[in-house]
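One structure is given here, and the rest of the page talks about it.
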Amino acid sequence: MKDSDWAFLRQLYMTPNITKAASALFISQPALTKRLQYIEDEWKVQIVHRNKNGLDFTSEGLYLAKQALKYMDFLEETKCQLDMLRSNHKANLTIGTSLSYLKLVLPQLIAAYTAAHPDVRFDVLGGRSSEVLHMVEQGTVQLGILRGRTSDLVDKIQINEERCYVITSVPMDSLDALAWTPRVDYPLNDLTRQLVDNWWKERFHTPPIIGMTVEHMDQAFPMISQSLGYAIAFLPEKKEIKALQGLYLTPVTIQNSDVPLTRPTWLIWQKKNPLTPEAQGFLQFMQSQTV
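In short: position in the sequence shown from 1, add 177, done, that's this note's numbering.
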């Protein structure tokens, strides 16, 4: 018997009426009747008796119907288990990334990559750049995305360069006003902090006024929108950030020049271990992007 024959018997057992069973199976009543006769001929038994209310199963037919229930349950469970096994065959790619990159850039990149490579499954861990470097060095992740210093234990490629901006709730004609305006500050990695501090010292003769400190960069944006201060942030180019809507960005340049203050974003991996095919594929993909 075909799988469809067992499905017919199950449906007939659940709906002991030729017309209703045929409707549930999306076939015509004559087609179901003909198929039922074929099954009876194959097994050389009578499966049902017709009555005015529908159908009565013979003892042989009842046995076959119950076997059909078991068979269809077995078939569906087998298909389900095979689907699960196939999904577990997806290649895993573990990535550690700085939190700001995770929030502002990475989701769109992963979406674009998985559209072309549906067999790759991502595990993404967020943290500060120093934590991402440690993840890669220890082998916790295959690839890392960070800003700031790396180490001799990793290889790297530059995948982006972000410009520095002063973010305010009103337009700024001159950055001189920052000297007496409170800053909404947040933790930065050592290299980024050094870039910002060096720029400040070259331009101003007094330390900044820290009005408040928040845990992450994106937490500063709503504070700025309430005119509670300004922030200095490195942001990806050509990237619309919803949290910045209504705020003003003034580019920061190196003192006495038009050269923008920038910082690189690195993709890193362990030197001692060769990249897996999926990690190599994602690395090549990142090299092709301009974010």
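Idealized CB from N, CA, C, for every residue including glycine.
> Could you give the distance in angstroms between the alpha-carbon of Gln-188 and the alpha-carbon of Ala-198?
Replying inline: The sequence position of residue 188 within the sequence shown is 11, counting from 1. The sequence position of residue 198 within the sequence shown is 21, counting from 1. So the two alpha carbons sit approximately 6 Å from each other.
> What are the partner residues of Thr-345, as DSSP defines its beta bridges?
Replying inline: Indexing the sequence shown from 1 puts residue 345 at position 168. In the DSSP output, where bridge partners are listed per residue, Thr-345 has Tyr-425.
> Measuring CB to CB, does Arg-324 end up less than 8 Å from Ser-307?
Replying inline: Numbered from its first residue, the sequence shown carries residue 324 at position 147. Numbered from its first residue, the sequence shown carries residue 307 at position 130. Result no, Cβ atoms of Arg-324 and Ser-307 do not sit closer than 8 Å.
> Under a Cβ-count criterion, where at least 16 other Cβ atoms within 10 Å of its own Cβ denotes burial, should Cys-257 be classed as buried or exposed?
Replying inline: On the sequence shown, position 80 is the one that residue 257 refers to. That one is exposed.
> Which residues in the same chain have their Cβ closer than 6 Å to the Cβ of Glu-314, if we skip the five residues on either side of it in sequence?
Replying inline: Taking the sequence shown and counting its residues from 1, one reaches residue 314 at position 137. Hits under 6 Å: Leu-330.
> Alpha carbon to alpha carbon, how far is Ser-277 from Met-394?
Replying inline: Here residue 277 corresponds to residue number 100 of the sequence shown, with the count starting at 1. Here residue 394 corresponds to residue number 217 of the sequence shown, with the count starting at 1. Taking the straight line from one Cα to the other gives about 7 Å.
> When we look at the beta-carbon of Asn-337 and count the other beta-carbons within 10 Å, is it buried (16 or more) or exposed?
Replying inline: Stepping through the sequence shown from its first residue, residue 337 is reached at position 160. Asn-337 comes out buried.
> Does DSSP put Val-468 in a helix, in a strand, or in coil?
Replying inline: As a first step, residue 468 is located in the sequence shown; it is residue number 291 there, counting from the start. Residue confidence for Val-468 is low, a pLDDT of 47 falling below 50, so the modelled location carries little weight; the figure read from the coordinates is stated next. Three-state DSSP puts Val-468 in coil, outside helix and strand.
> Three or more C-beta pairs closer than 8 Å, one from the segment 435 to 448 and one from the segment 380 to 390: is that the case here?
Replying inline: The segment 435 to 448 is not in contact with the segment 380 to 390.
> If you count every other CB in all the chains shown that lies within 10 Å of the CB of Ser-275, and 16 or more means buried, which is it?
Replying inline: Your numbering for residue 275 matches position 98 in the sequence shown. Buried, since its Cβ has 16 or more Cβ neighbours within 10 Å.
> What residues are listed by DSSP as bridge partners for Asn-269?
Replying inline: Stepping through the sequence shown from its first residue, residue 269 is reached at position 92. Answer by DSSP bridge pairing, in chain order: Arg-298.
> At what residues does the beta strand (DSSP E) containing Met-389 begin and finish?
Replying inline: Sequence index remark: in the sequence shown, residue 389 carries index 212 (1-based). 386 to 390 is the span of the beta strand (DSSP E), which, as asked, contains Met-389.
>> Comparing C-alpha positions only, which one of Val-282, Asn-269 and Leu-320 sits nearest to Val-297?
In response: As a first step, residue 297 must be located in the sequence shown, where it is residue number 120. Checked all of Val-282, Asn-269 and Leu-320; the closest Cα to Val-297 is Asn-269.
>> Does the contact criterion of 3 or more C-beta pairs under 8 Å hold for the segment 245 to 253 versus the segment 283 to 300?
In response: The segment 245 to 253 vs the segment 283 to 300: no contact.
> Going by C-alpha distance, which of Asp-182, Gln-466, Lys-243 and Leu-320 is nearest Ala-456?
Replying inline: Mapped onto the sequence shown, residue 456 falls at position 279. Selected option, being the one with the closest Cα: Leu-320.
> Which first and last residues belong to the alpha helix (DSSP H) in which Gln-315 is found?
Replying inline: The sequence position of residue 315 within the sequence shown is 138, counting from 1. In the DSSP assignment, Gln-315 falls within the alpha helix (DSSP H) that extends over 306 to 315.
> Can you find at least 3 beta carbon pairs, one from the segment 413 to 428 and one from the segment 365 to 380, that sit closer than 8 Å?
Replying inline: No: the two stretches stay apart, fewer than three of their Cβ pairs being nearer than 8 Å.
> If you draw a straight line from the C-alpha of Phe-203 to the C-alpha of Leu-239, how long is it?
Replying inline: In the sequence shown, residue 203 corresponds to position 26, counting from 1. In the sequence shown, residue 239 corresponds to position 62, counting from 1. Roughly 23 Å separates the two Cα atoms.
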